[in-house]
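Peer 1: Shown below is the structure under consideration.
Number of protein chains: 4
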Amino acid sequence: MLARVSTAPTFKRLPRAVREQQMLDAAVKVFSRRGFHAASMDEIAEDAGISKPMVYAYLGTKEELFIAALHREGTRMMEAIAAVVGDNLPPDEQLWRGLRAFFGFVGAHRDGWAVLYRQARAEQRFAGELAEMRSRIIEVVAGMLGRAVEARSAHVDRREVREIDLEVMAYALVGASESLADWLADHPQADPEKTATRMMNVAWLGAAQLLAGDTWHPTDP
Amino acid sequence: MLARVSTAPTFKRLPRAVREQQMLDAAVKVFSRRGFHAASMDEIAEDAGISKPMVYAYLGTKEELFIAALHREGTRMMEAIAAVVGDNLPPDEQLWRGLRAFFGFVGAHRDGWAVLYRQARAEQRFAGELAEMRSRIIEVVAGMLGRAVEARSAHVDRREVREIDLEVMAYALVGASESLADWLADHPQADPEKTATRMMNVAWLGAAQLLAGDTWHPTDP
Amino acid sequence: MLARVSTAPTFKRLPRAVREQQMLDAAVKVFSRRGFHAASMDEIAEDAGISKPMVYAYLGTKEELFIAALHREGTRMMEAIAAVVGDNLPPDEQLWRGLRAFFGFVGAHRDGWAVLYRQARAEQRFAGELAEMRSRIIEVVAGMLGRAVEARSAHVDRREVREIDLEVMAYALVGASESLADWLADHPQADPEKTATRMMNVAWLGAAQLLAGDTWHPTDP
Amino acid sequence: MLARVSTAPTFKRLPRAVREQQMLDAAVKVFSRRGFHAASMDEIAEDAGISKPMVYAYLGTKEELFIAALHREGTRMMEAIAAVVGDNLPPDEQLWRGLRAFFGFVGAHRDGWAVLYRQARAEQRFAGELAEMRSRIIEVVAGMLGRAVEARSAHVDRREVREIDLEVMAYALVGASESLADWLADHPQADPEKTATRMMNVAWLGAAQLLAGDTWHPTDP
DNA sequence: AATGAATGAGACTTCATTCAT
DNA sequence: TATGAATGAAGTCTCATTCAT
Numbered sequence: 179m180l181a182r183v184s185t186a187p188t189f190k191r192l193p194r195a196v197r198e199q200q201m202l203d204a205a206v207k208v209f210s211r212r213g214f215h216a217a218s219m220d221e222i223a224e225d226a227g228i229s230k231p232m233v234y235a236y237l238g239t240k241e242e243l244f245i246a247a248l249h250r251e252g253t254r255m256m257e258a259i260a261a262v263v264g265d266n267l268p269p270d271e272q273l274w275r276g277l278r279a280f281f282g283f284v285g286a287h288r289d290g291w292a293v294l295y296r297q298a299r300a301e302q303r304f305a306g307e308l309a310e311m312r313s314r315i316i317e318v319v320a321g322m323l324g325r326a327v328e329a330r331s332a333h334v335d336r337r338e339v340r341e342i343d344l345e346v347m348a349y350a351l352v353g354a355s356e357s358l359a360d361w362l363a364d365h366p367q368a369d370p371e372k373t374a375t376r377m378m379n380v381a382w383l384g385a386a387q388l389l390a391g392d393t394w395h396p397t398d399p
Numbered sequence: 179m180l181a182r183v184s185t186a187p188t189f190k191r192l193p194r195a196v197r198e199q200q201m202l203d204a205a206v207k208v209f210s211r212r213g214f215h216a217a218s219m220d221e222i223a224e225d226a227g228i229s230k231p232m233v234y235a236y237l238g239t240k241e242e243l244f245i246a247a248l249h250r251e252g253t254r255m256m257e258a259i260a261a262v263v264g265d266n267l268p269p270d271e272q273l274w275r276g277l278r279a280f281f282g283f284v285g286a287h288r289d290g291w292a293v294l295y296r297q298a299r300a301e302q303r304f305a306g307e308l309a310e311m312r313s314r315i316i317e318v319v320a321g322m323l324g325r326a327v328e329a330r331s332a333h334v335d336r337r338e339v340r341e342i343d344l345e346v347m348a349y350a351l352v353g354a355s356e357s358l359a360d361w362l363a364d365h366p367q368a369d370p371e372k373t374a375t376r377m378m379n380v381a382w383l384g385a386a387q388l389l390a391g392d393t394w395h396p397t398d399p
Numbered sequence: 179m180l181a182r183v184s185t186a187p188t189f190k191r192l193p194r195a196v197r198e199q200q201m202l203d204a205a206v207k208v209f210s211r212r213g214f215h216a217a218s219m220d221e222i223a224e225d226a227g228i229s230k231p232m233v234y235a236y237l238g239t240k241e242e243l244f245i246a247a248l249h250r251e252g253t254r255m256m257e258a259i260a261a262v263v264g265d266n267l268p269p270d271e272q273l274w275r276g277l278r279a280f281f282g283f284v285g286a287h288r289d290g291w292a293v294l295y296r297q298a299r300a301e302q303r304f305a306g307e308l309a310e311m312r313s314r315i316i317e318v319v320a321g322m323l324g325r326a327v328e329a330r331s332a333h334v335d336r337r338e339v340r341e342i343d344l345e346v347m348a349y350a351l352v353g354a355s356e357s358l359a360d361w362l363a364d365h366p367q368a369d370p371e372k373t374a375t376r377m378m379n380v381a382w383l384g385a386a387q388l389l390a391g392d393t394w395h396p397t398d399p
Numbered sequence: 179m180l181a182r183v184s185t186a187p188t189f190k191r192l193p194r195a196v197r198e199q200q201m202l203d204a205a206v207k208v209f210s211r212r213g214f215h216a217a218s219m220d221e222i223a224e225d226a227g228i229s230k231p232m233v234y235a236y237l238g239t240k241e242e243l244f245i246a247a248l249h250r251e252g253t254r255m256m257e258a259i260a261a262v263v264g265d266n267l268p269p270d271e272q273l274w275r276g277l278r279a280f281f282g283f284v285g286a287h288r289d290g291w292a293v294l295y296r297q298a299r300a301e302q303r304f305a306g307e308l309a310e311m312r313s314r315i316i317e318v319v320a321g322m323l324g325r326a327v328e329a330r331s332a333h334v335d336r337r338e339v340r341e342i343d344l345e346v347m348a349y350a351l352v353g354a355s356e357s358l359a360d361w362l363a364d365h366p367q368a369d370p371e372k373t374a375t376r377m378m379n380v381a382w383l384g385a386a387q388l389l390a391g392d393t394w395h396p397t398d399p
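Here's what the structure looks like:
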């Protein structure tokens, strides 16, 4: 009987697009495990099952590779969120779904986006890319809050909540979420769903009050 | 008999404590400007006006040096906050003062704690020190919130707000504050005091509701 | 019977000779612009509008490619000079025409022969090709000078001017011309024709004396 | 009997100035042997009996190291020439001594200056340093020729030989000498003294005629 | 015939860290 | 005490060159 000696497809000479994804997968993995600096291009290349020069040829510099990885993960997250946030739902429902998707995503990719994002914040060279990502998020969140305002605007003086306030609130919300995402990443046992609920509580109860025109003021100037 | 021929005053022989502070000053400056990795011991030594081996003799490894710097700055910030938060003030007043002090400190030492802290979060090796610092912060904030709870605990089931909740809330609060601090840095025209007020609004109104036992729940499980 | 279904004209299937010239054009251009080492086969291939393996298939190694390019340019220059130097003209007229042609060629092909030649001189591996080229040049120049000698040889002991002297003189002449070519390049206002005249002055007046048997000797041995 | 186990001075921790010279010696040697590109910093360091980082610490980049080596050798050559060219000698004597010193130096350091110089000419990045070196030489030579003119200016219209002519002649002379130096470097058997005489013949006889007001002109424009 | 895909080898450069004075 | 001198170890990046389609 003739043994089928080897029909194992020698996985070589793949089309560019495929290889790029493999590389990004490896990059995300290694950057997360080691951190930007400790990660070596050697390890990334090896992990991708490819030689180093290919990495440079396709994705460029270590810095560019990191940005590409960060970008892909960020986009995936945004898409995951966008997919669940319907356009015509009530604001609190939108916020809740968004938060749940966010924490779910972070929890599911504990060594993906969250870690890369944290790395990026530590290095000035990624400030540009970060700012861009953040502005995309802020835009979404501020939009969400804006629609919430309008929904209540019947009995609230709309002028009380100007655009800048929305932006600031969005910043605070995003910051809080990032921080909780960190916490989540650091606590493998923790439940993303519950974390989302906690965040929602802080965010929505506060926001609801604010949007209702109720504000806090320092007593003594 | 041997005469001590020369007791010429050895020029710059400062006491150890002073030298260490100089080194830490330099370390904070350089680590902030360059980031942990890009910072070189050479630059730090030069900036401190001292030779490299001295730095090693006094503060040890680069890693240890970073930790020492982080520690000192963190302590300073904590003290700045603790100094304004009286023990016997009403909770909202405490929170307000704390936030104001925090934003003031971060704004005034833009190249101090905040930057180091961010660096530290990106590198796993600082996890230990970070955890310690964090627990100190969380302790303060959670304590603040805790006392607020007690103040209202007459009609609220205390079990609703467990320790972990406090920790999470503290996290969210700190994250939001950091985020707004960033926003502040990006908007030079903005008023720190006003930003603190905005933060207080989000935090307190939300917290007040929560502490009052009012919670938000998902409608569909 | 199988019909040859498709004889669709394969688009860019140029004859080998043409392709080779295109490659050499690109090689000359890139080698001149970047220098031998800094030039990359990638750039050359791209500039020739062809893929890298083709370059290797047609002209071989980078080293061989450089030699081929150098060779072609050198030949072109030699032909340009030979074309204007008639066989039956008086020696000074020959020299003058030769110099004018040389400066004209170098000036017109500033990114051609001169640059390649200089590159070649710097690398030991091109010594062989260089020697060959040089001997061709020297042959022409020395031949010119030699005929001049014969023209005057009635009253001069021919043994005074041996072959080696001619070679050395030719060297000096070529070197001086190269140097003036550089000077010309650095002084855009200068007139090539005038520069050629200056060179001719130095060369011919000196040569004339020498050829007339007039030589300079050190006073003290 | 007690053997002197080892009093061999461990040649370590030398003062900076000494080490720098050792490194430059090694650099000159290796750059000459291999050429700029083929030379590796590893080999240079090893040849200098020192570790690579020291080379970088003291002399900087490979490029800078090359320039430093070229500069030192060039300066040495200039000094060797200046040492023999007296200020008050007749011009032809000055020129002769200068040329003799020049070719003597080149001949004696066949893998020193000449090779480095040749390398430098091939790479655009050294154009700056080269230009500087050349201008120093041109200045000296042009000065020499200028004094020669003055010495004869009694019966020659001084206006015939303007400054620019001197510069051009100097260029031609220097170029011719460089070229002969190359020839010398390539012919180990050749005698520097004789080469100098040859150069002097071409240069002086031509120059003498020119300076005497005798010029060559094209017959047909 | 022609090319996209792939790689092995090696270069420069930079630091944290420690002797030996 | 204080420091100039020294190094081992890595890391990024670039190319010439060749398969396999």
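The listed protein sequences derive, respectively, from chains A, Z, B and V.
In case it helps, the numbering used here puts the first sequence at residues 179 to 399.
In case it helps, the numbering used here puts the second sequence at residues 179 to 399.
In case it helps, the numbering used here puts the third sequence at residues 179 to 399.
In case it helps, the numbering used here puts the fourth sequence at residues 179 to 399.
Even for Gly, the Cβ is constructed at its ideal location relative to N, Cα and C.
What does the alpha-carbon distance come out to for the pair A:L273 and A:D360?
Peer 2: 20 Å
Peer 1: Note down the Cα distance separating V:F283 from V:M255, rounded to an integer number of angstroms.
Peer 2: 7 Å
Peer 1: Contact check, B:A374 vs B:L248 under 8 Å by CB: the rounded distance?
Peer 2: 24 Å between Cβ atoms; not a contact.
Peer 1: Go through its chain and collect everything with a Cβ distance to B:R299's Cβ below 8 Å, but skip five positions before and after it.
Peer 2: L308
Peer 1: By DSSP, does V:I130 sit in helix, in strand, or in coil?
Peer 2: There is no way to answer for residue 130 of chain V, as the model of chain V reaches only from 179 to 399.
Peer 1: When burial is assigned at 16 or more other CB atoms within 10 Å of the CB, is Z:D270 buried or exposed?
Peer 2: Buried, since its Cβ has 16 or more Cβ neighbours within 10 Å.
Peer 1: So, are the CB atoms of B:Y236 and V:A354 less than 9 Å apart?
Peer 2: no
Peer 1: Note down, in chain order, every chain Z residue with its Cβ under 8 Å from the Cβ of A:E356.
Peer 2: G353, S357
Peer 1: Would you grab the beta carbon distance between V:D220 and V:K207 for me? Rounded to a whole angstrom, and I think it's under 8 Å.
Peer 2: With 8 Å as the limit, V:D220 and V:K207 do not qualify as a contact, their Cβ atoms being about 14 Å apart.
Peer 1: Does the beta carbon of A:A258 sit closer than 9 Å to a beta carbon anywhere in chain Z?
Peer 2: no
Peer 1: If you compare alpha carbons, which of V:G227, V:A305, V:E241, V:F280 is closest to V:T253?
Peer 2: V:F280
Peer 1: I want to verify the contact list: residues of chain Z whose CB lies under 7 Å from the CB of A:A350, in sequence order.
Peer 2: A354, S357, L358, M377, V380
Peer 1: Just checking my contact of B:E345 with B:I316 at CB under 8 Å: how many whole Å lie between their CB atoms?
Peer 2: 6 Å
Peer 1: For Z:E310 and Z:K240, I'd like the C-alpha separation in whole angstroms.
Peer 2: 19 Å
Peer 1: Can you name, in chain order, every residue of its own chain whose Cβ lies under 7 Å from the Cβ of A:R212, other than the five neighbours on each side?
Peer 2: none
Peer 1: Rounded to whole angstroms, how far is the Cβ of A:R288 from the Cβ of A:A363, which I believe are closer than 8 Å?
Peer 2: 5 Å
Peer 1: Can you tell me which of the three DSSP states B:E310 falls into?
Peer 2: helix
Peer 1: Indicate the three-state DSSP secondary structure (helix, strand or coil) for V:L192 in the structure shown.
Peer 2: coil
Peer 1: With DSSP as the reference, label A:D203 as helix, strand or coil.
Peer 2: helix
Peer 1: Within a Cβ cutoff of 6 Å, which residues of the same chain sit near A:A195, ignoring the five residues on either side of it in sequence?
Peer 2: none
Peer 1: Relative to the C-alpha of Z:W291, which residue among Z:L267, Z:R250, Z:M322, Z:M378 is closest?
Peer 2: Z:R250
Peer 1: Would you call the CB atoms of V:M232 and V:R197 closer than 9 Å?
Peer 2: yes
Peer 1: Please tell me whether B:Q297 has its Cβ less than 9 Å away from any Cβ of chain V.
Peer 2: yes
Peer 1: Give me the Cβ distance between A:L351 and A:V319, rounded to the nearest whole Å; I'm assuming they're in contact under 8 Å.
Peer 2: 6 Å
Peer 1: Can you pull the chain A residues whose beta carbon is under 7 Å from the beta carbon of Z:H287, in chain order?
Peer 2: In chain order: nothing, as chain A lies at least about 17 Å away.
Peer 1: Starting from V:V206, find everything on chain B with Cβ-Cβ shorter than 9 Å and list it in chain order.
Peer 2: Neighbours of V:V206 in chain B, taken as residues at a C-beta separation under 9 Å, are lacking, since the least C-beta distance is about 16 Å.
Peer 1: Helix, strand or coil for B:S210? Go by DSSP, reduced to three states.
Peer 2: The three-state secondary structure of B:S210, taken from DSSP, is helix.
Peer 1: Alpha carbons only, please: which of Z:H215, Z:A246, Z:A216, Z:L383 is nearest the one belonging to Z:M201?
Peer 2: Z:A246
Peer 1: Taking Cβ positions only, does A:D203 come closer than 9 Å to chain Z?
Peer 2: no
Peer 1: On the three-state DSSP scale, how would you describe V:P370?
Peer 2: It is helical.
Peer 1: Where does V:H365 sit, in a helix, a strand or coil, going by DSSP?
Peer 2: When secondary structure is reduced to three states using DSSP, V:H365 falls in the coil class, being assigned neither helix nor strand.
Peer 1: So what's V:R336 in DSSP terms, helix, strand or just coil?
Peer 2: With a pLDDT of only 49 at V:R336, under 50, the local geometry of the prediction cannot be trusted, and no value is derived from it.
Peer 1: In this structure, how does DSSP classify B:A279 when only helix, strand and coil are distinguished?
Peer 2: helix
Peer 1: Three-state secondary structure (DSSP) at A:V263?
Peer 2: coil
Peer 1: Using CA atoms only, rank isn't needed, just tell me which of B:D265, B:Y234, B:V293 is closest to B:L323.
Peer 2: The shortest C-alpha separation from B:L323 is found at B:D265.
Peer 1: Distance, Cα to Cα, V:A258 vs V:F244?
Peer 2: Between the C-alpha atoms of V:A258 and V:F244 there is a straight-line separation of about 21 Å.
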